[in-house]
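Residue numbers (the working numbering), protein chains in the order written: chain A, 231 to 712; chain B, 23 to 339.
C-beta: ideal position from N, C-alpha, C; glycine also.
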């Protein structure tokens, strides 16, 4: 039940982005100037030989200890088979739903992650050869046999393609797809584990979500198509970078992307605040542009999945957990936001909550109580003007979700299509809170809301408007919609 | 393995706890994993000066880190308890009702030290067990026969049951060994019996010898009330949370299914369903969860890594 409430609340937060009326534009010259600079930076897109290369999934697995490397498929099965790989994934997902997790369980899941060493160079090369038909030394002009990062069920190698492009190649552990697929079929045991790990959560909602999402991650072709979609959409964007997929070198167990460089999240924290604000703005724009324009949500807003460069440029990595929404699924979010934020009609808001399945019909609650329950999640965008998102705010949003004492909580649930949204939102708020990011979030939201399409609110917004005019000429939302 | 150790020196020589007294003692079956883990972490030495009695290239090391180990351990206890005199010694002396977890943890610590410890540490642990055994003697209430824990024939049964169980559990739900490796394992383990006080020439050193030995002991085996009581406790330990208990059911199923048919019949477990390939997968999944929980205990991952690194060194040697 907790999870459900959590989802409901975060979702409400997302929906409120579709809120305010267009406000008069505030164009300033210094902003226009900054926009030009931002646009200029867009040219230097990939730096091939940077020493810090690729941070995948944020895992510093065993500092990639070579002396413990997995040498055979049997080693992989011993390490990640028999539920252990699945438990690791539960750990990653549970870190987003937080609260119900005991410190002991959290520790166990972390240790489990520590227990997975990289593949030996020979084993990784064998996977490449199975996938491409030739050993990596022939498939690539240069192949670095030592992994540069861990991925959730694989690892990342640096390479140079035969036509000279620097790439990052994600190689999946051999046999892992089959063993995890088999483990996911043991629903009874999964349910037991989830009850141990997160006794307070709605186990069935978590379980079905878990099975679907992990199942999707096993086939890298799905991730590749998500990455291609977003890379195509954000092509030329002033600050959002998506590494292109090298399709001819990507398969079910191999994902080859253009190599990216940048600072990791921890380093960003040492940069001046205005740099952190710009990075936060880019992340925010990416999340909500993707939702409203591409109808896609990247479900893994993890600090390890970003690389940062000055001027707010952020490279987004890892598209293994992307949720696509149909227009019909997106519509209720928009409708809810419209009724409460734009039309200021509480009764219509309540009706739309009920229509969408978030609120039980006929709940013995006053409409005012329902609106008040949701209001806390609109804090960052309720008023125009700069707002700082703090870690405290991020936690307070979470706490509010878990507030079981509220009479409203008992009547709220989250329909299945929206379950994944809480990961994005919790992750997003956590990341922005970590950066103590300040921006006029409401003004930025107005730019993005499909039925508001407010004027550029920031220099980045102006640069983005230029990009949109050039790359996505038809104004309005969901141009990628069917 | 039911070595008849006391967890400390000077424990009461003939402690008889009636069944009526046991109710609240049963409530202590928590912390087994924590204490076994602590024993494991400290029993695998850092910077070892020698490879101990088995060494990184041994089959024994390989089998002792197998996923099936909990099944082997439980089956081993089930087998050992069927010997009325071995069971009487444990029942009357070990204080398992008072501190079942301590009793099992002590056994697990002993085995870890003997298998992975340096030779000196293994000898020392064995010497301590022998000292304790010297004081463990009495009469079995059921058969009226006198027993002494230092009796090589009892020690040999405890040993044979363990070795047989590791092979049986491995082939049912763990790593099945080739015939040659099975024989090698039995031969390697002779030393484990020897250091507890069994003359080497009495210890089976191949699978056929082990089978013959077990067949020869079989007529003396039976399920005494003490065996039934203690094994019922192990198979369904109180104090486990519901979810862990459900996972434990899979371990239990495998351990019982891995028993010889006659042993199942003695306990009255004839109706246990066979382990189909589908069940095998499920049982291994449960074992994986238990193993992950074990891995989460302090020091376990590091101890495992020490073993892995040394086994790799052993392969190169």
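query: Between which residues of its own chain and residue 516 of chain A is the CB-CB distance below 6 Å, once the five residues before and five after are set aside?; result: 470
query: Does any CB atom of chain A fall closer than 8 Å to the CB of residue 303 of chain B?; result: yes
query: In terms of alpha-carbon separation, which member of A:402, A:567 and A:697 lies closest to residue 453 of chain A?; result: A:402
query: So what does DSSP say about residue 642 of chain A, is it helix, strand or coil?; result: strand
query: Just by C-beta distance, which residues in the stretch 312-339 of chain B are closer than 7 Å to chain A?; result: 314, 315, 317, 318, 323, 327, 330 and 331
query: If you scan the stretch 186-245 of chain B from start to end, which runs of the alpha helix (DSSP H) of 4 or more residues do you find wholly inside it?; result: 201-210, 212-216 and 229-239
query: Along the chain, where does the alpha helix (DSSP H) that runs through residue 99 of chain B open and close?; result: 91-102
query: Just how far apart, CA to CA, sit residue 569 of chain A and residue 528 of chain A?; result: 26 Å
query: What residues from chain B crowd round residue 701 of chain A, counting only those whose CB sits closer than 8 Å?; result: In chain order: nothing, as chain B lies at least about 47 Å away.
query: Would you grab the beta carbon distance between residue 440 of chain A and residue 320 of chain A for me? Rounded to a whole angstrom, and I think it's under 8 Å.; result: 6 Å
query: Short check: CB of residue 718 of chain A to CB of residue 298 of chain A, under 8 Å?; result: Within the shown structure, residues of chain A are numbered from 231 to 712, placing residue 718 of chain A beyond reach of any answer.
query: Report yes or no: do three or more beta-carbon pairs, one from the stretch 87-96 of chain B and one from the stretch 146-158 of chain B, lie closer than 8 Å?; result: no
query: Output yes or no for whether 8 Å exceeds the beta carbon distance between residue 184 of chain B and residue 220 of chain B.; result: no
query: Determine, using beta-carbon pairs with one atom in the stretch 205-213 of chain B and one in the stretch 312-330 of chain B, whether at least three such pairs fall under 8 Å.; result: no
query: Would residue 419 of chain A and residue 313 of chain A be called neighbours here (beta carbons separated by less than 8 Å)?; result: yes
query: Mind checking if residue 413 of chain A is an interface residue toward chain B, Cβ cutoff 8 Å exclusive?; result: yes
query: Give me the Cβ distance between residue 229 of chain B and residue 216 of chain B, rounded to the nearest whole Å; I'm assuming they're in contact under 8 Å.; result: Actually they are not in contact, since the Cβ atoms of residue 229 of chain B and residue 216 of chain B sit about 19 Å apart, beyond 8 Å.
query: Using a Cβ-Cβ cut-off of 7 Å (strictly less than) and excluding sequence neighbours within five positions of residue 614 of chain A, which residues of its own chain qualify?; result: 253, 670, 672 and 673
query: Could you name the residues that DSSP lists as bridge partners for residue 552 of chain A?; result: A:528
query: For the stretch 88-115 of chain B, which residues have a beta carbon sitting closer than 8 Å to at least one beta carbon of chain A?; result: 89
query: At a CB-CB cut-off below 7 Å, which residues of chain B make contact with residue 314 of chain A?; result: 310 and 314
query: Measure how close the beta-carbons of residue 554 of chain A and residue 525 of chain A come, nearest whole angstrom, since I'm counting them as under 8 Å.; result: 6 Å
query: Are the CB atoms of residue 81 of chain B and residue 203 of chain B within a distance shorter than 8 Å?; result: yes
query: Name, going along the chain, the residues of the stretch 236-269 of chain B whose beta-carbon falls closer than 9 Å to a beta-carbon of chain A.; result: 263, 264, 265, 266, 268 and 269
query: Rank A:599, A:567, A:573 and A:571 by C-alpha distance to the C-alpha of residue 586 of chain A and give the top, closest one.; result: A:567
query: Taking only beta-carbon atoms, is residue 307 of chain B less than 8 Å away from chain A?; result: yes
query: Report the residues of the stretch 333-345 of chain A with a CB closer than 9 Å to any CB of chain B, ordered along the chain.; result: 334, 335, 337, 338, 339, 340, 341, 342, 344 and 345
query: Taking 8 Å as the CB-CB cut-off, is residue 419 of chain A touching chain B?; result: yes
query: Measure the beta-carbon distance from residue 542 of chain A to residue 499 of chain A and round it to whole angstroms, keeping in mind my assumption that it falls under 8 Å.; result: Not confirmed; about 15 Å, so no contact.
query: Between the stretch 389-406 of chain A and the stretch 366-378 of chain A, do three or more beta carbon pairs fall short of 8 Å?; result: yes
query: With residue 451 of chain A and residue 482 of chain A assumed to form a contact (beta carbons below 8 Å), what rounded beta-carbon distance in angstroms separates them?; result: 6 Å
query: So, residue 641 of chain A versus residue 595 of chain A, is the Cβ gap smaller than 8 Å?; result: yes
query: Going by C-alpha distance, which of A:315, A:665, A:302 and A:677 is nearest residue 497 of chain A?; result: A:665
query: Can you tell me the Cα-Cα spacing of residue 512 of chain A and residue 610 of chain A, whole angstroms?; result: 16 Å
query: Could you tell me how far apart the beta carbons of residue 135 of chain B and residue 142 of chain B are, in whole angstroms, since I believe they sit closer than 8 Å?; result: Not a contact, Cβ separation roughly 10 Å.
query: CA-CA distance, residue 247 of chain A and residue 583 of chain A?; result: Note that residue 247 of chain A scores a pLDDT of 26, beneath 50, so its modelled location is shaky; the value from the coordinates is reported in the next line. The straight-line gap from Cα to Cα measures roughly 16 Å.
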